[in-house]
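Chemist: Chains A and B supply the protein sequences, listed in that same order. Counting in numbering that gives the first Met the number 0, the first sequence runs from 0 upward without gaps. Counting in numbering that gives the first Met the number 0, the second sequence runs from 0 upward without gaps.
Protein chains: 2
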Amino acid sequence: MSDANRRPTPGIADDGDEFHFCSTCAFSAACLESGYDKSLLRDLHVLVEHIGPFHEGEHIFREGDPFTAIAAVRSGTVKTYVTDHEGREHVQGFFLPGEVIGLNAISQARYPSNAVALDSVMLCRFSFPNIAALATRMPGLQQQLFKLLSLDIGKAALLSGNFSADERMAAFLITLSRRYAARGFSPNRFLLTMTRTDIANYLRLASETVSRVFRRFQDDGMIQVERREIELKDRKRLEKLAEDVLRST
Amino acid sequence: MSDANRRPTPGIADDGDEFHFCSTCAFSAACLESGYDKSLLRDLHVLVEHIGPFHEGEHIFREGDPFTAIAAVRSGTVKTYVTDHEGREHVQGFFLPGEVIGLNAISQARYPSNAVALDSVMLCRFSFPNIAALATRMPGLQQQLFKLLSLDIGKAALLSGNFSADERMAAFLITLSRRYAARGFSPNRFLLTMTRTDIANYLRLASETVSRVFRRFQDDGMIQVERREIELKDRKRLEKLAEDVLRST
DNA sequence: CTCGGGCCTTGATCTAGATCAGCTGGGTGG
DNA sequence: CCACCCAGCTGATCTAGATCAAGGCCCGAG
Numbered sequence: 000m001s002d003a004n005r006r007p008t009p010g011i012a013d014d015g016d017e018f019h020f021c022s023t024c025a026f027s028a029a030c031l032e033s034g035y036d037k038s039l040l041r042d043l044h045v046l047v048e049h050i051g052p053f054h055e056g057e058h059i060f061r062e063g064d065p066f067t068a069i070a071a072v073r074s075g076t077v078k079t080y081v082t083d084h085e086g087r088e089h090v091q092g093f094f095l096p097g098e099v100i101g102l103n104a105i106s107q108a109r110y111p112s113n114a115v116a117l118d119s120v121m122l123c124r125f126s127f128p129n130i131a132a133l134a135t136r137m138p139g140l141q142q143q144l145f146k147l148l149s150l151d152i153g154k155a156a157l158l159s160g161n162f163s164a165d166e167r168m169a170a171f172l173i174t175l176s177r178r179y180a181a182r183g184f185s186p187n188r189f190l191l192t193m194t195r196t197d198i199a200n201y202l203r204l205a206s207e208t209v210s211r212v213f214r215r216f217q218d219d220g221m222i223q224v225e226r227r228e229i230e231l232k233d234r235k236r237l238e239k240l241a242e243d244v245l246r247s248t
Numbered sequence: 000m001s002d003a004n005r006r007p008t009p010g011i012a013d014d015g016d017e018f019h020f021c022s023t024c025a026f027s028a029a030c031l032e033s034g035y036d037k038s039l040l041r042d043l044h045v046l047v048e049h050i051g052p053f054h055e056g057e058h059i060f061r062e063g064d065p066f067t068a069i070a071a072v073r074s075g076t077v078k079t080y081v082t083d084h085e086g087r088e089h090v091q092g093f094f095l096p097g098e099v100i101g102l103n104a105i106s107q108a109r110y111p112s113n114a115v116a117l118d119s120v121m122l123c124r125f126s127f128p129n130i131a132a133l134a135t136r137m138p139g140l141q142q143q144l145f146k147l148l149s150l151d152i153g154k155a156a157l158l159s160g161n162f163s164a165d166e167r168m169a170a171f172l173i174t175l176s177r178r179y180a181a182r183g184f185s186p187n188r189f190l191l192t193m194t195r196t197d198i199a200n201y202l203r204l205a206s207e208t209v210s211r212v213f214r215r216f217q218d219d220g221m222i223q224v225e226r227r228e229i230e231l232k233d234r235k236r237l238e239k240l241a242e243d244v245l246r247s248t
């Protein structure tokens with residue numbers, strides 16, 4: 000069942016007739032535990048495609064591409080962004096293992112943003128028409144899809160509030176930490192897979208401001224940051240700073 | 000939902016056995032045109048509850064209330080917002096006739112924000128468990144729900160970008176205009192049902208800034224605004240200003 | 001009718017964060 | 001080994017928009 004040793008064969012999964020749900024796929028757990036009969040699980044399994052690896056800087060989809068599929072990140076980090084006609088990049092989100100990209104494309108049948116790999120990225124790809132059709136027969140799967148979509152609305156609302164640089168940065172670090180923790184990674188020590196500029200474009204700051212906030216947080220003893228490695232040394236205070244931003248989550 | 004406010008004629012609508020979809024309900028059109036058989040349409044109809052009116056300042060639900068239902072606005076305007084522990088109000092959205100509130104509550108089973116009527120508001124209330132169950136039998140309805148959810152993700156992303164006061168204000172006016180137009184109201188002359196402060200809290204501005212931007216837009220001949228009445232006099236330029244904000248929509 | 005209280009506007013000042021400029025240091029290719 | 005380059009850091013300055021202050025206007029209550 001470990002997907003670590005699954006080879007990155009593109010196209011349909013390479014394990015013939017067995018069920019091999021990868022542990023990171025957001026759908027697997029929810030559906031497995033619902034106790035569906037084997038033929039439905041097989042249906043779900045068949046419409047999964049394991050794709051990758053995408054290398055740093057490679058695009059998974061681009062703005063305007065026709066929408067066909069959503070994808071769960073198995074490993075690596077994906078950044079979604081749009082570029083406005085003055086060349087400013089607006090980062091919409093970072094997607095860690097277990098998280099699903101492409102959900103905001105459903106309404107227009109086109110991807111409304113670009114998705115790019117920040118490091119080496121493996122994905123589980125689900126044809127959306129197929130998974131939606133299957134969901135009509137698996138209420139648990141439908142429920143899971145509704146939840147994922149609803150969750151993303153909340154995530155976006157987070158960013159949109161009127162908060163200071165410190166508050167937004169603290170919220171960013173805390174959510175990263177929680178998301179890593181949810182996947183079994185260390186909540187207090189992790190790698191920032193994105194550049195300072197990416198963080199800045201996500202938090203609506205200048206990259207210089209990101210640097211300065213990091214430094215100030217470090218001088219205050221809240222974090223220890225060295226290049227891309229970061230350690231949260233005082234979660235209490237970070238959570239306190241972040242609490243207003245995260246309240247609506 | 001529904002404080003002490005549920006009106007007489009609670010429950011099933013007052014038109015006996017006929018189907019009487021209200022024209023504003025976001026689901027009706029999509030489902031009607033899909034040509035489902037009569038019994039399914041009846042199911043959909045039965046789980047609708049028409050509630051209201053809510054008067055200006057009355058709450059429809061509050062942050063933390065258990066989530067049971069989504070609701071389509073039939074008339075009036077609903078504002079959703081959260082208050083942080085410094086008392087700052089963060090407006091998350093304004094909902095016009097035809098639009099659906101409560102979608103972001105699915106993932107946590109609680110409403111993550113407050114919803115308040117800005118004027119006299121009538122709603123169609125749909126029990127979420129019931130409509131989700133029905134959706135498994137009506138792919139068109141499921142599709143509609145997915146679309147609505149996905150749309151809201153995009154809407155939230157709009158706000159979260161890094162744009163100037165002018166850009167955000169122009170985008171706000173253009174989207175309002177488009178949404179009114181979609182419901183058959185005049186796209187160029189409409190009423191701002193919210194206060195300047197509400198607009199400010201939505202656009203992450205101070206209310207003084209909202210005033211000043213209105214004045215500047217008016218002096219530039221792009222709009223004519225008098226108290227709550229506004230007329231868009233130069234859509235071209237407004238759309239141009241808004242285009243970067245709206246690109247990802 | 002007058003009074004009072006929101007809501008809105010306008011002007012003056014202030015500041016968080018942007019922008020500009022210059023520097024550093026690690027990683028990579030030759 | 002060096003040379004270059006780009007991510008990141010830091011200091012100096014600038015500015016969009018916040019904040020503070022002062023009226024004005026509409027509207028509802030008495």
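Glycine included, C-beta positions come from ideal geometry on N, C-alpha and C.
1. Write down every uninterrupted run of the alpha helix (DSSP H) in the segment 113-139 of chain A whose length is 4 residues or greater and which is fully enclosed by it, in chain order.
2. For V120 (chain B) versus F53 (chain B), is the C-beta spacing smaller than 8 Å?
3. Go ahead and label G63 (chain B) buried or exposed: buried means 16 or more other beta carbons lie within 10 angstroms of its beta carbon, across all protein chains shown.
4. Just curious, the alpha helix (DSSP H) that K239 (chain B) is in, first and last residue?
5. Would you tell me roughly how many angstroms separate the C-alpha atoms of V209 (chain A) and M168 (chain A), rounded to the nearest one?
6. Is DSSP giving F66 (chain B) helix, strand or coil here?
7. Return the CA-CA distance between E207 (chain A) and A180 (chain B), expressed in angstroms with no decimal places.
8. Quick one: residues in its chain with C-beta nearer than 6 Å to the C-beta of R61 (chain A), no 5 flanking neighbours on either side, listed in chain order?
9. If I measure Cβ to Cβ from F189 (chain A) and keep anything under 6 Å in the same chain, skipping five residues before and after, which residues do I get?
10. Evaluate P65 (chain A) with the Cβ neighbour count: other Cβ atoms within 10 Å of its Cβ, from every protein chain shown; 16 or more gives buried, anything less gives exposed.
11. Tell me the DSSP bridge mates of K78 (chain B)?
12. Is the shortest distance between the beta-carbon of Q143 (chain A) and the beta-carbons of chain B less than 8 Å?
13. Using the C-alpha atoms, what's the distance from G56 (chain A) back to R246 (chain A)?
14. Kindly indicate which three-state DSSP category Q107 (chain A) falls into: helix, strand or coil?
15. Are D42 (chain A) and L117 (chain A) touching if we call contact CB-CB under 8 Å?
16. Do H89 (chain A) and G160 (chain B) come within 8 Å of each other at the CB atom, strictly closer than that value?
17. Output needed in chain order: residues of the segment 158-172 of chain B with a Cβ under 7 Å from some Cβ in chain A.
18. Could you tell me the alpha carbon to alpha carbon distance between L240 (chain A) and I173 (chain B), rounded to whole angstroms?
19. If contact is defined by three or more beta carbon pairs under 8 Å, each pair taking one atom from either stretch, is the segment 123-138 of chain A in contact with the segment 63-83 of chain A?
20. Name the residues in the segment 201-215 of chain A whose C-beta lies less than 8 Å from a C-beta of chain B; which are they?
21. Any idea if A108 (chain B) is buried or exposed, counting beta-carbon neighbours within 10 angstroms, 16 or more meaning buried?
22. Which one or two residues does DSSP pair with F216 (chain B) in a beta bridge?
23. Let me see if you follow: with CB-CB separation under 8 Å, is K239 (chain A) close to chain B or not?
24. Identify the continuous alpha helix (DSSP H) that holds F171 (chain A) and give its terminal residues.
25. Between the beta-carbon of L175 (chain A) and the beta-carbon of S149 (chain B), is there less than 8 Å?
26. To the nearest angstrom, how far is it from the Cα of V244 (chain B) to the Cα of R214 (chain B)?
Modeler: Here's the rundown:
1. 127-134
2. For the purposes of this step, residue 120 (chain B) is taken as residue 121 along the second sequence, with counting starting at 1. For the purposes of this step, residue 53 (chain B) is taken as residue 54 along the second sequence, with counting starting at 1. A contact, by the Cβ cut-off of 8 Å.
3. On the second sequence, residue 63 (chain B) is found 64 positions in, with the first residue counted as 1. Result: exposed.
4. Locating residue 239 (chain B) in the second sequence gives position 240, where the first residue counts as 1. Taken as a continuous stretch (DSSP letters only), the alpha helix (DSSP H) holding K239 (chain B) covers R234 to L245.
5. Walking along the first sequence from the start, residue 209 (chain A) turns up at place 210. Walking along the first sequence from the start, residue 168 (chain A) turns up at place 169. Answer to the nearest angstrom: the Cα atoms are 8 Å apart.
6. The sequence position of residue 66 (chain B) within the second sequence is 67, counting from 1. If DSSP states are grouped into helix, strand and coil, F66 (chain B) belongs with coil.
7. For the purposes of this step, residue 207 (chain A) is taken as the residue at position 208 of the first sequence. For the purposes of this step, residue 180 (chain B) is taken as the residue at position 181 of the second sequence. Approximately 43 Å, taken between the alpha carbons.
8. Position 62 of the first sequence, counted from the first residue, corresponds to residue 61 (chain A). Only N113 meet the Cβ criterion.
9. Residue mapping note: residue 189 (chain A) aligns to position 190 of the first sequence, counting from 1. Closer than 6 Å at Cβ, skipping near neighbours: Y179.
10. As a working note, residue 65 (chain A) is residue 66 in the first sequence. Its Cβ having fewer than 16 others within 10 Å, P65 (chain A) is exposed.
11. Within the second sequence, numbered from 1, the residue matching residue 78 (chain B) stands at position 79. B:F93 and B:V115, per the DSSP bridge assignment.
12. Counting from 1 along the first sequence, the entry for residue 143 (chain A) is found at position 144. By this cut-off, Q143 (chain A) is not an interface position.
13. Position 247 of the first sequence, counting from 1, holds the residue named residue 246 (chain A). Position 57 of the first sequence, counting from 1, holds the residue named residue 56 (chain A). Computed Cα separation, rounded: 34 Å.
14. For the purposes of this step, residue 107 (chain A) is taken as residue 108 along the first sequence, with counting starting at 1. In this structure, Q107 (chain A) counts as coil in the three-state DSSP scheme.
15. If you number the first sequence from 1, residue 42 (chain A) lands on position 43. If you number the first sequence from 1, residue 117 (chain A) lands on position 118. Not in contact: D42 (chain A) and L117 (chain A) (Cβ atoms no closer than 8 Å).
16. Taking the first residue of the second sequence as 1, we reach residue 160 (chain B) at position 161. Taking the first residue of the first sequence as 1, we reach residue 89 (chain A) at position 90. In contact: G160 (chain B) and H89 (chain A) (Cβ atoms closer than 8 Å).
17. L158, S159, G160 and N161
18. Walking along the first sequence from the start, residue 240 (chain A) turns up at place 241. Walking along the second sequence from the start, residue 173 (chain B) turns up at place 174. Taking the straight line joining both Cα atoms gives about 35 Å.
19. yes
20. R203
21. Position 109 of the second sequence, counting from 1, holds the residue named residue 108 (chain B). Looking at its Cβ environment, which holds fewer than 16 other Cβ atoms inside 10 Å, A108 (chain B) is exposed.
22. Here residue 216 (chain B) is taken as the residue at index 217 of the second sequence, counted from 1. Paired residue(s): none; F216 (chain B) is not in a bridge.
23. Sequence index remark: in the first sequence, residue 239 (chain A) carries index 240 (1-based). Answer no: the Cβ-Cβ gap between K239 (chain A) and chain B never drops below 8 Å.
24. Sequence index remark: in the first sequence, residue 171 (chain A) carries index 172 (1-based). Segment A164 to A181, the alpha helix (DSSP H) holding F171 (chain A).
25. Taking the first sequence and counting its residues from 1, the one referred to as residue 175 (chain A) is at position 176. Taking the second sequence and counting its residues from 1, the one referred to as residue 149 (chain B) is at position 150. Not a contact, by the Cβ cut-off of 8 Å.
26. By one-based count along the second sequence, residue 244 (chain B) stands at place 245. By one-based count along the second sequence, residue 214 (chain B) stands at place 215. Straight-line Cα distance between these residues: approximately 21 Å.
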